[in-house]
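Numbering (the working numbering), first residue to last: 4 to 160. Glycine is no exception: its CB is placed at the ideal position from the N, C-alpha and C atoms. Remember, it's a predicted structure, so these values are computed and weren't measured experimentally.
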């Protein structure tokens, strides 16, 4: 594929509450929305996790119309292509970035027909995002350079 997900006309099942406010008119919509607020808060949820999916489908329509709930569209690539998406949260701390959510990515399980050719980018990708690891590498490199440039010492007999 091209790496660009496109919205597909598939049935949306994942939604997320927004910060908008509106007085819902239908009873099923009000019940659905209050259940969403209590159970999920602002986290994404699947409509199938509701007790009565049929009532939930009726209630979600008015909520989406008035932007109380945001649908997560189904994304697709070319026909017959596989798509994977990895998301994580990073905090930008004074001592460097810190990954706080997300699954570990095992790159040895994935094979790609594409690769990075630029040597400068390859060295950047191999470097650690952890500032403590970078400091250790710098100290080790400085020590190695210090050993190479040290003056020879004569040992007396």
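- Quick one: grab the DSSP three-state call for residue 9. Working through the chain shown from its first residue, we reach residue 9 at position 6. Three-state DSSP puts residue 9 in a strand.
- Item | For residue 61 and residue 127, the rounded distance between their alpha carbons | To locate residue 127, count along the chain shown from 1; it is residue 124. To locate residue 61, count along the chain shown from 1; it is residue 58. Residue 127 and residue 61: Cα-Cα distance of roughly 51 Å.
- Message: Quick check on the DSSP output: what are the complete beta strand (DSSP E) runs of length 3 or more inside the stretch 72–101, in order along the chain?
- Response: You should have 72–74 and 92–96.
- Message: Just to confirm before moving on: does the CB-CB distance between residue 3 and residue 18 stay below 7 Å?
- Response: In this structure the chain extends from 4 to 160, so residue 3 is not present and cannot be described.
- Task: Determine the burial state of residue 48: buried for a count of at least 16 other Cβ atoms within 10 Å of its Cβ, exposed for fewer.
- Result: Residue numbering aside, residue 48 sits at position 45 when the chain shown is read from its first letter. Residue burial is scored here from C-beta neighbours: residue 48 has at least 16 other C-beta atoms within 10 angstroms and is therefore classed as buried.
- Measure the Cβ-Cβ separation of residue 32 and residue 65 and say whether it is below 7 Å. What you label residue 32 is simply residue 29 of the chain shown in a count that begins at 1. What you label residue 65 is simply residue 62 of the chain shown in a count that begins at 1. Going by C-beta atoms, residue 32 is nearer than 7 Å to residue 65.
- Interface flag, residue 87 vs chain C, CB-CB below 7 Å: The displayed structure is made up of one protein chain only, and chain C is not part of it.
- Rounded C-beta distance between residue 16 and residue 57? I'm assuming under 8 Å. Walking along the chain shown from the start, residue 16 turns up at place 13. Walking along the chain shown from the start, residue 57 turns up at place 54. Rounded, the Cβ-Cβ distance is 14 Å, inconsistent with contact.
- Message: Assuming contact is defined by CB atoms lying nearer than 7 Å, are residue 76 and residue 10 in contact in what I supplied?
- Response: Start at 1 with the first residue of the chain shown, and residue 76 comes out as number 73. Start at 1 with the first residue of the chain shown, and residue 10 comes out as number 7. Contact annotation: residue 76 and residue 10 have beta-carbon atoms nearer than 7 Å.
- Message: At the level of alpha carbons, what is the spacing between residue 86 and residue 14?
- Response: Position 83 of the chain shown, counting from 1, holds the residue named residue 86. Position 11 of the chain shown, counting from 1, holds the residue named residue 14. Approximately 18 Å, taken between the alpha carbons.
- In this structure, does DSSP put residue 36 in helix, strand or coil? As a position in the chain shown, residue 36 is number 33, starting the count at 1. Residue 36 sits in a helix when the DSSP states are folded into three classes.
- On the DSSP bridge assignment, give the partners of residue 48 in chain order. The residue labelled residue 48 in the question sits at position 45 within the chain shown. For residue 48, which the question treats as bridged, DSSP gives the partners 18.
- For residue 45, the nearest candidate out of 54, 68 and 73 (CA to CA): For the purposes of this step, residue 45 is taken as the residue at position 42 of the chain shown. Checking every option, the nearest Cα to that of residue 45 belongs to 73.
- Item | Buried or exposed by the 16-neighbour rule on C-beta atoms within 10 Å, applied to residue 93 | Counted from its first residue, the chain shown places residue 93 at position 90. With fewer than 16 other Cβ atoms within 10 Å, it is exposed.
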